[in-house]
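Undergrad:
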Amino acid sequence: MKRLQLLRAYIKESIFDSLQSHTDEPVVGDMVKNINPGCKHFKSKGEVINIKDLDIDAGKVIVYQVFNSGDSFSPGDVLEKTLDQLTLDNE
């Protein structure tokens, strides 16, 4: 009986955690930077110009216009990345 109660509590906590929204989600006009070292656009920075929802509430795609340059991106490029690859750029 105790195991069943613990399992139920764990499931409730897991569901609750997965339903919480990100408080640091960017909005149009925010500055973001790519923090994914495995991505060819790593360290790109830019202004959010659109936010798209993925199918079946699987997350969001952030569309941003780049203002810096790198090996595979230039100022003015428009990139689309999932939320987990970006962070707000408060610099």
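The sequence shown begins at 825 in the working numbering and counts up by one. Beta carbons: idealized from backbone N, C-alpha and C, even for Gly. Being a predicted model, the structure only gives us computed values, none of them experimental.
For N874, which residues from the same chain have a beta carbon less than 6 angstroms from its beta carbon, with the 5 sequence-adjacent residues on both sides left out?
TA: The residue labelled residue 874 in the question sits at position 50 within the sequence shown. For N874, the CB contacts under 6 angstroms within the same chain, skipping 5 residues up- and downstream, are V887 in chain order.
Undergrad: If I follow the unbroken beta strand (DSSP E) through I875, where does it start and stop?
TA: Within the sequence shown, the letter at position 51 stands for residue 875. Per DSSP, I875 belongs to the beta strand (DSSP E) from 869-877.
Undergrad: Tell me whether the beta-carbon of E849 lies closer than 9 angstroms to the beta-carbon of L907.
TA: The sequence position of residue 849 within the sequence shown is 25, counting from 1. The sequence position of residue 907 within the sequence shown is 83, counting from 1. For E849 and L907, yes; Cβs fall inside 9 angstroms.
Undergrad: Could you pull the start and end residues of the beta strand (DSSP E) that I886 belongs to?
TA: In the sequence shown, the residue the question calls residue 886 occupies position 62. Counting along the chain, the beta strand (DSSP E) containing I886 begins and ends at 884-890.
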